[in-house]
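Comments concern the structure below.
2 protein chains.
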Amino acid sequence: MALIVMKFGGTSVGSVEKIKNVAQIVSNVKNEGNDVVVAVSAMAGETDKLVGLVSEIAPTANPREYDQVVATGEQVTIGLLALALQQIGIDAISYCGWQMGMITDSAHSKARIEEIRAERVHASLKEGKVVVVAGFQGITQDTQDVATLGRGGSDTTAVAVAVGLKADRCDIYTDVDGVYTTDPRIVPEARRLPVVSYDEMLEMASMGAKVLQTRSVEFAKKYNMPVRVRSTFKLDDEGTLVTSEEDTNMEKVMISGIAYNKNEAKITLTRINDKPGLASTIFSAIAQKNVNVDVIIQNISPRGDGQTDLSFTVPKNEVHKALEALESLKSSQQIGDILVDEKVAKVSIIGAGMQSHAGVAAKMFTALANEGINIMMISTSEIKISCVIAEKYTELAVRALHEAFELEKE
Amino acid sequence: MALIVMKFGGTSVGSVEKIKNVAQIVSNVKNEGNDVVVAVSAMAGETDKLVGLVSEIAPTANPREYDQVVATGEQVTIGLLALALQQIGIDAISYCGWQMGMITDSAHSKARIEEIRAERVHASLKEGKVVVVAGFQGITQDTQDVATLGRGGSDTTAVAVAVGLKADRCDIYTDVDGVYTTDPRIVPEARRLPVVSYDEMLEMASMGAKVLQTRSVEFAKKYNMPVRVRSTFKLDDEGTLVTSEEDTNMEKVMISGIAYNKNEAKITLTRINDKPGLASTIFSAIAQKNVNVDVIIQNISPRGDGQTDLSFTVPKNEVHKALEALESLKSSQQIGDILVDEKVAKVSIIGAGMQSHAGVAAKMFTALANEGINIMMISTSEIKISCVIAEKYTELAVRALHEAFELEKE
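Heads up: the sequence lines are chains P and H, in that order. According to UniProt numbering, the first sequence is numbered sequentially starting from 1. According to UniProt numbering, the second sequence is numbered sequentially starting from 1.
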């Protein structure tokens, strides 16, 4: 007998019929002899509706009251799912964040979990009950206020609950059936991975693969909690297991997946003085505007004149904030022209196995070159190589890389 | 400076615009220098929507989970109203039942208030905040579960909060502008009463005048909390003050209002043995079915044969339950025929002043007789005289009584 935490997102509980379907899935797992805790999101559309009401009244809402309103979406779902379970003969009880002991800090609407005081949950499990908990919410330590973990915090709740309860596994049910080698809409041959490591999943998530929230994967990695991503609609299917590198038998696989991201823009600063401290000045100014900088490239002075060019990428919707930060540097003549290119994309190969394989980068560059795709910027991490290219080549690049690394083969 | 509890029902907070209007009303009272606590219902329609979801999933829902779901309606409103207040510069904070210390028993969906631990509310008031509390809900003493007070429990919450906080007054804002001498739809000359006593209000409420919930009036009476009924839409208007008899200057006014009720049916049992104990047998059997009996009339044996007739009224929708209870008595020949008349109505005159005035009943019967209305049953209390008549005469009777007692005059 295992203790399993199951998580269902808003689409999976988006109607009465779907809630009944989820109850059936939960009852199957329970009837196999497991202890079960279920974390659920608000019914699809409900959170948006509540956020809409809030912003109609207060465009910049007090976050405590925002949370008070928005947290009700999950409270509705937990009650309904507990009832649906009871209807099919499964003893069940629902707990809101404050009832399940989900203690957070006071950063309303993006609160971080501090502790789980799970006495009530444990007691209910001991009574043989399925415990249904509200995703996305907790209670602040100091003031006993309702706090939400921010949009999409339900995955994180589920993993945190699994960690807090020392569960054997956390199963995230979603509308995709696992993690793929790349976006199947671009590469029909994309293959579902039976297993990926936390780090690979993080790199994929940060590149826009929306299977799991980044934060939930970080949490799972930190506490080494195995997470299974599986489909609400294909129950026989094992999905993809996200787990530690040691458990993934990684030496055999070099590259696990190809990711891409069209949401970044490239900013190039020309003729900046190549002297210590200027990069610090530039990126401090940008950081003060809360802009996330990703790839950064600085060449050595190409003209031998003590001046250089500096390029970096930022999210497209933060370009204007970055430019605000750079304007003052320009007027004080610390930098020359500012060039913005929004028609770029970032294509990445991801794989824990590349650490022990030589020639991976060369193979990537060759595959892109064979298609005539120019590489504007390159950045690497231990398990990822990213190239910034012209946006129009994105799909071509993804297909070429998928083929070059033979990801369609098991 | 006074401490005032204000209550707004679902219609008054039924949209974003209406919530903003309520915020304006609250800010006026706050800016006059008062401490203010506001109790609100769910937005009109929301509770029905939630109840609908619950019953789609579980027609006979576990009441704990029912409460978990249904209580969210008020939680949304309190957050939105707090935000609307903040938008117009009023410092405000919202509290759910469990946050405001509204402790109830465990009778889910019809819980009774046991205690109010109002430390948080007091602390917030001391900080100069307007406190917005959720009507209709609390937290169970034993299990820390969400409990609702039953449909319409918001009036009771407001009065209980007022009592718990030792407020100076509880203002119930509603879509009518006070308590009238009778239903203005029947008697256009009906006059709004500036003041009524708790007992009169109770008699009126029990007769179907839906201005205040019976339970909230009982609560107010028990703790002598003055309640003002006033309109959300006519702010200059003082409405009607419901208060203790001593404060109403009642000796001057004999009759305060005329009430009517078309929801009762008359049941007559013929040829029952006029011996001790049979009435007890009959009404015990009916009580076991949870049927509320109202007027009861037993004549002395009209035929001098030791047998009598017994008539009583029950709510129309409980007639079938009453008949079930009576069937067994009939088959054991303890009673004769059972006659049901659903086409009856009860018309009442209500007034604390009738205690010290003679001739009130005679005046009532004369007024009805003058219109050719036959009286089927009569019952009296200290401050009320009710007559059961044929339903078709209801409006005629109400108008005749309103005129006879000159209620249109101040």
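The beta carbon of each residue, even a glycine, is placed where N, CA and C say it ideally should be. Quick caveat: nothing in here was measured; it's all calculated off a predicted structure.
{"query": "Beta carbon proximity, H:Ser-109 to chain P, threshold 8 Å", "result": "no"}
{"query": "Cutoff 8 Å: H:Lys-234 Cβ touching any chain P Cβ", "result": "no"}
{"query": "Touch test, the region 152 to 172 of chain P against the region 209 to 218 of chain P, Cβ-Cβ under 8 Å, three pairs minimum", "result": "yes"}
{"query": "DSSP state of P:Gln-68 mapped onto helix, strand, coil", "result": "helix"}
{"query": "Sequence-distant residues of its chain with Cβ nearer than 7 Å to H:Ile-332 (five each side left out)", "result": "The identity of residue 332 of chain H in the sequence shown is Ser, whereas the question assumes Ile. Excluding residues within five positions, none has a Cβ falling inside 7 Å."}
{"query": "Cutoff 8 Å: P:Glu-218 Cβ touching any chain H Cβ", "result": "no"}
{"query": "Within chain H, the residues that P:Ile-57 reaches when beta carbons sit closer than 8 Å", "result": "Val-16, Ile-19, Lys-20, Leu-80, Leu-83, Ala-84, Gln-87"}
{"query": "Contact between the region 179 to 190 of chain P and the region 130 to 149 of chain P (3+ Cβ pairs under 8 Å)", "result": "no"}
{"query": "Assigned exposure category for H:Ile-88 - 16 Cβ within 10 Å defines buried", "result": "exposed"}
{"query": "DSSP-derived helix/strand/coil call for H:Lys-221", "result": "helix"}
{"query": "Contacts of H:Leu-50 in chain P (Cβ-Cβ under 8 Å)", "result": "Val-76"}
{"query": "Segment limits, beta strand (DSSP E) that includes H:Arg-192", "result": "It is not in any beta strand (DSSP E) - H:Arg-192 carries neither H nor E in the DSSP assignment."}
{"query": "P:Gln-205 and P:Ala-147 closer than 8 Å at C-beta", "result": "Reading off the sequence, residue 205 of chain P comes out as Ala, not Gln. No; because the gap between Cβ atoms is not below 8 Å, this pair is not in contact."}
{"query": "P:Val-131 - DSSP class collapsed to helix/strand/coil", "result": "strand"}
{"query": "Below-8 Å beta-carbon distance, P:Gln-24 vs any chain H residue", "result": "no"}
{"query": "Integer-rounded CB distance, given that H:Glu-74 should sit under 8 Å from H:Gln-137", "result": "6 Å"}
{"query": "Chain-ordered chain H contacts of P:Val-54 [CB-CB under 9 Å]", "result": "Gly-79, Leu-80, Leu-83"}
{"query": "Member of P:Asp-341, P:Ile-350, P:Ser-356 whose CA lies at the smallest distance from the CA of P:Met-376", "result": "P:Asp-341"}
{"query": "Per-residue burial, H:Lys-384 [other beta carbons within 10 Å of its own, 16 or more giving buried]", "result": "buried"}
{"query": "Stretch-stretch touch, CB-based, cutoff 8 Å, three pairs: the region 225 to 238 of chain P with the region 364 to 371 of chain P", "result": "no"}
{"query": "Inter-residue spacing [alpha-carbon to alpha-carbon] between P:Met-43 and P:Val-291", "result": "32 Å"}
{"query": "Length of the line joining the Cα atoms of P:Thr-104 and P:Asp-142", "result": "9 Å"}
{"query": "Start-end ranges of the beta strand (DSSP E) lying completely within the region 142 to 170 of chain P, minimum 3 residues", "result": "146 to 148"}
{"query": "Uninterrupted beta strand (DSSP E) stretches inside the region 15 to 51 of chain H (no shorter than 3 residues)", "result": "35 to 40"}
{"query": "Whole-angstrom distance between P:Pro-226 and H:Asn-222, CA atom to CA atom", "result": "Reading the sequence as shown, one finds Lys at residue 222 of chain H and not Asn. One C-alpha to the other measures close to 59 Å."}
{"query": "Beta bridge counterpart(s) of H:Lys-316 as assigned by DSSP", "result": "Paired residues: none, contrary to the question."}
{"query": "Length-filtered (3 minimum) beta strand (DSSP E) runs lying within the UniProt domain \"ACT\" (267 to 352) of chain P", "result": "296 to 298, 307 to 315, 338 to 341, 344 to 350"}
{"query": "Given P:Val-70 as reference, the closest of P:Leu-80, P:Ile-90, P:Ser-109 once Cα atoms are compared", "result": "P:Ser-109"}
{"query": "C-beta neighbour in chain P for H:Glu-65, strict 8 Å", "result": "yes"}
{"query": "Test item: CB-CB of H:Thr-140 and P:Val-76 under 8 Å", "result": "no"}
{"query": "Member of P:Glu-324, P:Ile-258, P:Gly-10 whose CA lies at the smallest distance from the CA of P:Ala-284", "result": "In the sequence as displayed, the identity of residue 284 of chain P is Ser instead of Ala. For P:Ser-284, the nearest C-alpha among the options comes from P:Glu-324."}
{"query": "Chain-ordered chain H contacts of residue 413 of chain P [CB-CB under 7 Å]", "result": "The shown model of chain P, from 1 to 410, leaves out residue 413 of chain P, and the question about it has no answer."}
{"query": "Same chain, Cβ closer than 8 Å to P:Leu-396, five either side skipped, listed in chain order", "result": "Glu-371, Ile-373"}
{"query": "Residue-level contact to chain H via CB, P:Ala-39, 8 Å cutoff", "result": "no"}
{"query": "Run of the alpha helix (DSSP H) containing P:Arg-399, from where it starts to where it stops", "result": "394 to 404"}
{"query": "Nearest neighbour of H:Glu-114, chosen from H:Ser-12, H:Thr-157, H:Ala-82 [CA to CA]", "result": "H:Thr-157"}
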